[in-house]
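Asker: Below are the structure tokens for one structure; questions will follow.
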Amino acid sequence: MKKDIASIVNRLRTMHGEPRVELSYTNPLELVVATVLSAQCTDERVNAVTKDLFKKYRTTEDYINAPDAELEEDIRPTGFYRNKAKSIKNIAGELLKRFNGRVPDDIDTFATVKGIGRKSANMIIGLAYNKPSVIVDTHVARVSGRLGFTANKNPEKIENDLRSIIPMASWMPFSLLMIIHGRYICKAKKPDCPRCLLRDDCDYYSMGGK
Numbered sequence: 021m022k023k024d025i026a027s028i029v030n031r032l033r034t035m036h037g038e039p040r041v042e043l044s045y046t047n048p049l050e051l052v053v054a055t056v057l058s059a060q061c062t063d064e065r066v067n068a069v070t071k072d073l074f075k076k077y078r079t080t081e082d083y084i085n086a087p088d089a090e091l092e093e094d095i096r097p098t099g100f101y102r103n104k105a106k107s108i109k110n111i112a113g114e115l116l117k118r119f120n121g122r123v124p125d126d127i128d129t130f131a132t133v134k135g136i137g138r139k140s141a142n143m144i145i146g147l148a149y150n151k152p153s154v155i156v157d158t159h160v161a162r163v164s165g166r167l168g169f170t171a172n173k174n175p176e177k178i179e180n181d182l183r184s185i186i187p188m189a190s191w192m193p194f195s196l197l198m199i200i201h202g203r204y205i206c207k208a209k210k211p212d213c214p215r216c217l218l219r220d221d222c223d224y225y226s227m228g229g230k
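Number 192 in this note's numbering belongs to position 172 of the sequence shown; there are no gaps in the numbering.
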């Protein structure tokens with residue numbers, strides 16, 4: 021049975037409010053850095069770190085020229101700080117070399133930057149430049165599978181499946197709301213089905229949560 025995407029998005033809005041990203045940023049480069057820091061870290065903690073970090077580092081050159089130990093210390097609370105500092109420096113270096121320090125506004129182009137995967141490229145370009153994009157993180161993949169939107173496990177195949185059934189104008193709001201839904205209600209373990217307004221459209225729920 022074909023599902024009413026507009027109705028699903030509206031019900032997601034009823035549960036979670038307007039689509040939003042929980043990372044704080046004011047420009048594309050800040051969003052890139054915040055995204056790197058968010059790996060294995062809560063958005064709340066990332067925001068606490070970037071509040072001061074973004075005052076200190078404003079350009080790709082600022083990150084490139086910072087001593088490794090200093091940048092590592094500045095981002096230490098986000099965890100895995102050595103790897104994250106190295107990734108930030110590498111991305112900043114490539115952005116400076118290839119794009120004069122700017123974040124390109126094309127998803128496919130940005131995804132070629134080492135350290136930026138397809139998921140991050142979709143999220144960053146979609147949010148920073150208001151471009152239509154489908155973000156497939158673990159939450160979107162899980163919830164989409166439970167709703168019967170995809171049987172695939174590969175993120176790029178899931179992205180293609182979602183692009184084919186969701187109107188382009190709804191790509192970003194759908195993605196952001198699905199991330200929030202997966203984070204707070206449709207969890208990997210013990211999803212809170214009684215609170216979910218998508219039960220009538222959920223293959224997972226109709227099969228008894230299996």
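For every residue, glycine included, the Cβ atom is placed at its ideal position computed from N, Cα and C.
1. Within 10 Å of its beta-carbon, does residue 55 have 16 or more other beta-carbons around it, so buried, or fewer, so exposed?
2. What residues in its chain sit with their C-beta under 7 Å from that of residue 168, if we drop five residues either side in the sequence?
3. Since residue 159 and residue 192 should fall inside the 8 Å C-beta cutoff, what is the C-beta to C-beta distance between them, to a whole number of angstroms?
4. Out of 89, 205, 195 and 110, which has the shortest C-alpha to C-alpha gap to residue 101?
5. What does the alpha-carbon distance come out to for the pair residue 25 and residue 35?
6. Near residue 6, which residues of its chain fall below 7 Å by C-beta distance, leaving aside the five closest residues on each side in sequence?
7. For residue 145, which of helix, strand or coil comes out of DSSP?
8. So for residue 77, helix, strand or coil by DSSP?
9. DSSP three-state label for residue 38, please.
10. In the structure shown, what three-state DSSP assignment does residue 209 receive?
11. Using the three-state DSSP reduction, which class does residue 120 fall into: helix, strand or coil?
Answerer: Reading it off the structure:
1. Per the 10 Å Cβ criterion, buried.
2. 223
3. Actually they do not touch by this definition, with Cβ atoms about 15 Å apart.
4. 89
5. 15 Å
6. An answer regarding residue 6 cannot be provided, because it is not within the stretch 21 to 230 covered by the chain.
7. helix
8. Here residue 77 sits in coil by DSSP.
9. coil
10. coil
11. coil
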